[in-house]
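Undergrad: Provided herewith is a single structure, encoded as structure tokens, for subsequent inquiry.
In my numbering, the protein residues as written are 1 to 179.
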């Protein structure tokens, strides 16, 4: 079964829920999806820069990224650039494997307006989230994102198998030539 590690992060207090429980350091959620043939690890890296020292371990070997922010909070747009730099660019994660989710307070009126994101963030997949009005839409977008991560992990694994097989054949051929 394939395994995928997905980082989830973003600025503090992105959601507009009444009871906000900030992630302290890192929280890991593991689950299987037999239909996709994969085990997932979601690493919630919290939004407080105070916990940046916890990030190096989760960053290692990540296959995909989800950055969640609230575009009605101006500081979040700049902070999202930092998250992108740290979690995507520095880890060499493909842009196609990064999903931006902008969370909106129900009834805020800005549910479908695209925020003014700086390049290269403005080229990433952006999904608007309003969990109270339309939770199914964000769930479906998240599943699509997980599928794209799994497809990439699977292709990478297949490529590694081909390379390994080629190396073994070359070694075997070279051993016969030397005799």
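C-beta: ideal position from N, C-alpha, C; glycine also.
Which of helix, strand or coil does DSSP assign to residue 2?
TA: strand
Undergrad: With distances taken Cα to Cα, identify the nearest neighbour of residue 61 among 5, 50, 38 and 133.
TA: 5
Undergrad: Quick one: what's residue 69 bridged to in DSSP?
TA: 102
Undergrad: What is the rounded straight-line gap between the Cα of residue 59 and the Cα of residue 91?
TA: 7 Å
Undergrad: DSSP on residue 27, reduced to helix/strand/coil?
TA: strand
Undergrad: With the cut-off set at 8 Å, would you say residue 9 and residue 45 are in Cβ contact?
TA: Yes, the pair counts as a contact, with Cβ atoms nearer than the cut-off.
Undergrad: If we ignore side chains and look at the alpha-carbon of each, how far apart do residue 66 and residue 54 end up?
TA: 17 Å
Undergrad: Tell me, to the nearest whole angstrom, how far the beta carbon of residue 43 is from that of residue 7; I am working on the premise that it is less than 8 Å.
TA: Their Cβ separation, rounded to whole angstroms, is 5 Å, which keeps residue 43 and residue 7 in contact under 8 Å.
Undergrad: Give the secondary structure of residue 59 by DSSP, where H, G and I count as helix, E and B as strand, and everything else as coil.
TA: Look at residue 59 here: in three-state DSSP terms it is helix.
Undergrad: Drop a sphere of 10 angstroms on the beta-carbon of residue 71, count the other beta-carbons inside from all chains shown, and report buried for 16 or more, exposed for fewer.
TA: buried
Undergrad: In the DSSP assignment, what residue or residues form a beta bridge with residue 129?
TA: 103
Undergrad: Suppose you measure from the CA of residue 89 to the CA of residue 34; what does that come to, to the nearest Å?
TA: Spanning the two alpha carbons is a distance of roughly 31 Å.
Undergrad: Quick check on the DSSP output: the alpha helix (DSSP H) that includes residue 74 runs from which residue to which?
TA: Boundaries of the alpha helix (DSSP H) around residue 74: 74-84.
Undergrad: Is the Cβ-Cβ distance between residue 69 and residue 11 less than 8 Å?
TA: Going by beta carbons, residue 69 and residue 11 fall inside the 8 Å limit.
Undergrad: Nearest-angstrom Cα distance between residue 36 and residue 147?
TA: 7 Å
Undergrad: Please report the straight-line C-alpha distance between residue 95 and residue 31, rounded to a whole angstrom.
TA: 24 Å
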